[in-house]
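Visitor: My questions all concern the structure below.
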Amino acid sequence: MKTCYLIGIGMGNPDTLTQGAARRIGECGLLIGARRMLDAFPEHPGRKLALIRAEDIAEAVKAYEGDSAVLLSGDPGFYSGAFRLYDMLDGLRVETIPGISSLNYFCARLHTSWQDARLVSVHGRTANAVGEIQSHGKTFLLTGSNCTAAELCAQLTDAGLGQVQIHVGQRLSYPDESIVSGTAAELAGEKFDDLSVVLAVNPAPTGWKQGAPCLWDDQLIRGKTPMTKENIRLLAVARLEVKPDSVVWDVGAGTGSVSAACAMAAWQGQVWAVEKETEALELIRQNREALGLWNLRVIEGKAPETLDELPRPDCVFIGGSSGSMAGIFKVVLEKNPAARICVTAVSLESLTDALNCMKQFELANVDVTQISAAQAKTLGQYHMMMGQNPVWIISGEGRQ
């Protein structure tokens, strides 16, 4: 039975090709791969096909009578086209020969380990690179034209992570190899190849992981701006079902207490705090700085007008609507018909507005909870229970 070899050829420089891979390439009568890979073997006497699409490669392998070698950059197990080929080559004998990936080559050049690194690719795919870096001590990334190394550094700097140490590798293993190191802020204005690799070292990654976090009132900087208290905040974040990679809007954010709690829960995601009052905006920024929540973005403006420019939300908390609740619901559900929405109300009028919106926009799984909490206050040798205003928590989810 003929054999198809899926061969990792390393960085492209023949020095990174293993002896076993070189031997199999020499034995095969057909070489398949991208043009630049085939050019690395000018003296090979066999037939060469410059193919990239997995479907075309599989068809050529099946049509060829002898053994064939499919050349893959780096290692076949690291963001490689080999994964799709396995199913397409079903029925043939397939042997995979590992190669040297950009990950282990680059970390070796930097004299550092990679077993503790988070592995991410933004090469032709979508990933929250900033969220990954902010939540891990060491992150390795494959960049692409959709997110270059310089753009990544600019995004980190804008998110308050300009101090993260960045190492950028270009043309690895070739004579003109280049490795540049510096902080994200220092490298944001530089130019790098689209296909660079990046190792980001964050000295202070976020420590929380998921769920409604324990963010107590005494951890927050407070002013005269109204604040959603911890008893309400914990249930509201739970009702939103915030996941680690969620995109969250906090509309009418006040001091940013819910924004901060959501930023802890969405540690790989993004939280957008929308507020129109100057004093409140400053409090949100102060709490963001004090808690190191670099995935929390502060937006000055009035809803719903400001919401048009925000990314598609997974969940939305409405702490204040200034009479525009229906408009806010409309924008949210146009962006994401399946979004979860949670509203807190302290007045009967706000409760009525929230319930009417849940009905008008046909949200599912609507829940209404009233909480009347009391907190102990020390008075000399005694503890006096101080009642808080009753609050309604109204939540529901859109329909696909």
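Those letters in the sequence shown? Residues 1005 to 1404, per the numbering used here, in order. Glycine included, C-beta positions come from ideal geometry on N, C-alpha and C.
(1) Based on the DSSP output, what are the partners of D1371 in its beta bridges?
(2) Are there 16 or more other CB atoms within 10 angstroms of the CB of E1401, so buried, or fewer, so exposed?
(3) So, does the stretch 1008-1023 touch the stretch 1072-1091, judging by three or more C-beta pairs under 8 Å?
(4) Alpha carbons only, please: which of L1089, L1199, L1314, T1161 is nearest the one belonging to Q1174?
(5) What residue does the beta strand (DSSP E) around R1122 start on, and which one ends it?
(6) Compute the distance between the beta-carbons of K1319 and I1397, then report whether it is under 8 Å.
(7) In terms of alpha-carbon separation, which member of G1070, V1184, D1180 lies closest to E1405?
(8) DSSP has V1252 in a bridge; who is on the other side?
(9) Which residues in the same chain have their Cβ closer than 6 Å to the Cβ of A1163, if we skip the five residues on either side of it in sequence?
(10) Between the alpha carbons of D1120 and S1139, how many angstroms are there, rounded?
(11) Counting along the chain, where does the alpha helix (DSSP H) carrying K1052 start and finish?
(12) Roughly how many angstroms lie between the CA atoms of R1057 and A1038, to the nearest whole one?
(13) Cβ atoms of C1151 and L1191: under 8 Å apart, would you say?
(14) Identify, in the order they occur along the chain, each residue of the same chain with its Cβ nearer than 6 Å to the Cβ of K1213, setting aside the five sequence neighbours on each side.
(15) What does the alpha-carbon distance come out to for the pair Q1023 and S1125?
(16) Output yes or no for whether 8 Å exceeds the beta carbon distance between L1055 and A1044.
(17) Below 8 Å on the Cβ atoms is my contact criterion, and I expect V1202 with V1168 to pass it. Report the Cβ-Cβ distance as a whole number of Å.
(18) Return helix, strand or coil for S1182, following the three-state DSSP convention.
(19) What three-state label does DSSP hand K1142 in the structure shown?
(20) So, using beta-carbon positions, are L1295 and V1275 closer together than 8 Å?
(21) Whose C-alpha, out of E1283, S1250, R1289, A1343, is nearest the C-alpha of G1273?
(22) Report the option in V1336, M1329, T1310 whose CA atom is closest to the CA atom of R1316.
(23) In chain order, what residues of the same chain have a beta carbon less than 6 Å from the beta carbon of S1263, not counting five sequence neighbours either side?
(24) Could you check which residue in N1017, A1284, I1183, L1244 has the C-alpha nearest to that of R1344?
(25) Secondary structure at T1116, three-state DSSP: helix, strand or coil?
(26) Run through the DSSP bridge pairs and tell me what S1072 is partnered with.
(27) Would you mind listing the beta strand (DSSP E) stretches within the stretch 1316-1358 that are 3+ residues and don't spill past its ends, in chain order?
(28) In chain order, what residues of the same chain have a beta carbon less than 7 Å from the beta carbon of W1118, not counting five sequence neighbours either side?
(29) Considering only residues of the same chain and omitting the five flanking positions on each side of R1405, which have a CB-CB separation below 7 Å?
(30) Taking the alpha-carbon positions, what's the L1096 to D1019 distance?
(31) Can you give the Cα-Cα distance for Q1374 and E1304, rounded to whole angstroms?
(32) Going by other Cβ atoms of all chains shown within 10 Å of its Cβ, with 16 needed for buried, is F1196 buried or exposed?
(33) Can you give the beta carbon distance from A1154 to E1194, rounded, assuming they're within the 8 Å contact cut?
(34) Would you mind working out which of M1005, F1333, P1248, T1348 sits nearest A1342, comparing C-alpha positions?
(35) Below 6 Å CB to CB, which residues in the same chain sit around G1327 once its five sequence neighbours on both sides are set aside?
(36) Measure the C-alpha to C-alpha separation of K1006 and G1166 and round it to an integer number of angstroms.
Guide: Short version:
(1) Under DSSP, the beta-bridge partners assigned to D1371 are S1399.
(2) buried
(3) yes
(4) L1199
(5) 1122-1125
(6) The question names Lys, but residue 1319 in the sequence shown is Cys. Their beta carbons are not under 8 Å apart, which means C1319 does not touch I1397 by this criterion.
(7) Nothing can be reported for residue 1405, as the shown portion of the chain is limited to 1005 through 1404.
(8) Bridge partners of V1252: V1275, C1319.
(9) V1134, W1298
(10) 13 Å
(11) That residue, K1052, is in no alpha helix (DSSP H); its beta strand (DSSP E) goes 1051-1054.
(12) 10 Å
(13) no
(14) Here the model assigns K1213 a pLDDT of 47, short of 50, so the residue's position is not dependable, and the following value carries that caveat. Within the same chain, and ignoring the five residues on either side of K1213 in sequence, no residue has its Cβ closer than 6 Å to its Cβ.
(15) 28 Å
(16) no
(17) With a Cβ gap of about 10 Å, V1202 and V1168 do not count as contacting.
(18) strand
(19) Look at K1142 here: in three-state DSSP terms it is strand.
(20) Cβ distance not < 8 Å, so L1295 and V1275 don't count as in contact.
(21) S1250
(22) V1336
(23) So the list reads D1254, A1257, V1275, A1277, L1300, once near-sequence residues are dropped.
(24) L1244
(25) coil
(26) Bridge pairing for S1072: C1008, L1034 [DSSP].
(27) 1319-1322, 1344-1349
(28) Within the same chain, W1118 has close Cβ partners L1107, N1108, C1111, F1144.
(29) The displayed coordinates of the chain run from 1005 to 1404. Any statement about residue 1405 would go beyond what the structure contains.
(30) 30 Å
(31) 30 Å
(32) buried
(33) 5 Å
(34) F1333
(35) none
(36) 54 Å
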